[in-house]
Amino acid sequence: MGFSAADRSPSASDTCSMKPRSASTSITFLVTFLHPRQVDQGESISRGTRFAKGAPWPDPVPGRLAPRLHFRYNGPRRTRRRGRIVVSRWKGALRALALAVLVLGPGFRPHVPAQAEGERLVLAFYYAWYDQATWSSGKVPDVPSDPYVSANSEVMARQIDQAKGAGIDAFVLNWWGQGNQTEKNLKALLDQAAQKGFRVAVDFDPNSPFMKGTGSYAQNLQHLHTVHAAHPAYLRYNGRPVVFFYNVSRLSAGAWQSLRDQADPQRQALWIAEGTDLGYQSVFDGHHLYSITWPNRIPPDQTLSKWGDRVRAYNRDHGTAKLWVATVMPGYDDRKARPGSGFVRGRDGGDYYRQCWQAAIASKPQWVIVNSFNEWPEGSYIEPSKAYGNLYLELTRELAGRFRSADLAVMAPAPAPPPAAPTPRPTALPPTPTP
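This is how it looks when you write it as structure tokens:
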């Protein structure tokens with residue numbers, strides 16, 4: 001079955017109201033649920049819930065579901081009695097106000113922004129360069145349940161609904177800079193996300209054939225920060241726009257320092273590096289691994305826990321607070337895209353994906369990122385497919401809920417990290433130039 005946020009979350013107009021028993025004066029307490037998110041593996045407070053006198057207020061999930069209180073006064077009502085205007089009594093209104101304080105006081109929290117501090121984000125890498133020829137190219141191990149063209153806004157809307165239903169907070173779109181369809185589709189995806197209460201970030205890819213050298217990188221990063229990061233649907237964390245970077249080892253740390261001084265001189269964004277060299281954290285604000293399905297078949301628990309520990313050790317040694325973003329994958333199979341050099345990591349009926357999530361949670365990350373929502377040539381997609389149907393969306397919903405409810409503070413510290421290993425590169429399906 002498909003997932004739709006509309007099936008599980010109250011809309012912004014859903015309200016709960018309480019009125020005092022007064023024939024003449026009333027105050028309505030209007031509660032609206034904003035930024036709806038799934039609660040405990042997708043369950044939500046039902047529509048039209050009314051809270052009885054003395055009933056406990058439902059505890060909001062920080063960053064995911066929070067009430068906002070509005071007051072509406074109806075009165076004082078004036079009546080003509082023997083030629084005089086008589087102002088009705090206020091007892092009912094005061095009684096209602098006292099009730100609101102009792103019910104809402106101890107446990108009530110004001111509206112919490114979706115980008116609140118400490119929010120456990122679940123993200124997913126997203127690719128926006130497919131057309132109908134992709135699905136008949138013989139380069140993909142499977143095809144979508146409903147083959148599509150990435151530029152179609154209705155497809156984007158459907159994918160956002162599927163992701164939200166699976167507990168994903170944002171897509172991280174692989175971006176090749178300006179002048180190709182990843183730029184055009186990023187704009188369209190942000191607009192769709194804004195309509196649906198979803199978020200989008202960018203994975204800046206220095207391997208792009210549309211960016212030539214550090215001068216081009218600087219120009220595109222400035223464009224990203226001034227144009228896309230200003231969009232209301234762009235992913236922010238503690239108010240800072242989030243930018244992922246693929247293959248940072250393409251440049252030296254000094255070169256990245258220079259680029260950041262040009263594009264983000266006030267360090268207003270969060271830059272998340274990828275790779276196996278934490279030396280780049282002198283420039284970046286967090287770390288992730290693009291892939292954990294290396295050909296040497298290191299189990300995910302060994303990889304993720306050790307790298308999480310390595311980031312924490314870096315923080316202790318340098319007095320920093322770099323973010324650790326744990327990667328989870330359903331499997332991998334790029335043999336058709338890379339004949340002779342590709343490899344496969346079987347999905348084992350979903351067991352490998354579960355192992356990845358378990359290892360990710362044990363590594364105590366701030367965020368988890370799914371690789372991927374729709375990287376089809378590498379066979380790492382969770383998007384509904386002919387072979388697996390909705391299985392991996394359903395698993396994501398379940399496992400993302402476990403991540404959000406896990407007590408990360410009491411988990412045992414992770415051991416030392418493994419030796420650095422080369423990171424697989426994402427499939428380079430070249431975007432076409434924008435007309």
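Under this note's numbering, the first residue of the sequence shown is numbered 1, with each subsequent residue one higher. In this text, a Cβ means the ideal position worked out from N, Cα and C, and glycines have one as well.
- Boundaries of the alpha helix (DSSP H) harbouring THR396: 391-405, taken from the DSSP string.
- Of the candidates GLU383, GLU378, THR303, the residue whose Cα lies closest to the Cα of GLN358 is THR303.
- DSSP, read as helix, strand or coil, puts TRP324 in strand.
- When the Cα atoms are used, LYS364 and ASP309 turn out to be separated by approximately 9 angstroms.
- When DSSP states are grouped into helix, strand and coil, TYR234 belongs to the strand group.
- Within the segment 120-173, the complete beta strand (DSSP E) segments at least 3 residues long are 122-126, listed from N- to C-terminus.
- In the DSSP annotation of this structure, the continuous segment of the alpha helix (DSSP H) that includes PRO300 starts and ends at 300-318.
- Here ALA170 is near LEU123, since their CB atoms are less than 8 angstroms apart.
- Residue environment for GLN366: buried (at least 16 other C-beta atoms within 10 angstroms of its C-beta).
- A direct Cα-Cα distance of roughly 5 angstroms separates LYS139 from LYS336.
- In this structure the segment 171-188 lies against the segment 200-209, because at least three pairs of beta carbons, one per stretch, are closer than 8 angstroms.
- Counting along the chain, no beta strand (DSSP E) covers LEU289, and no H or E run does either.
- For ASP131, the closest C-alpha among the options VAL143, ARG345, ILE168 is that of VAL143.
- Close CB contacts of ARG240 within its chain, under the 7 angstroms cut and outside five residues either way in sequence, are with GLN268, ALA269, LEU270 (chain order).
- As the crow flies, the alpha-carbon of ALA362 is around 8 angstroms from that of ASP301.
- Counting along the chain, ARG260 sits inside no beta strand (DSSP E); it lies in the alpha helix (DSSP H) bounded by residues 253-263.
- Each of GLU154, SER136, GLY349 was checked against the Cα of ALA387, and the nearest Cα belongs to GLY349.
- With a beta-carbon spacing of about 20 angstroms, GLY279 and ALA263 fall beyond the 8 angstroms limit used to define contacts.
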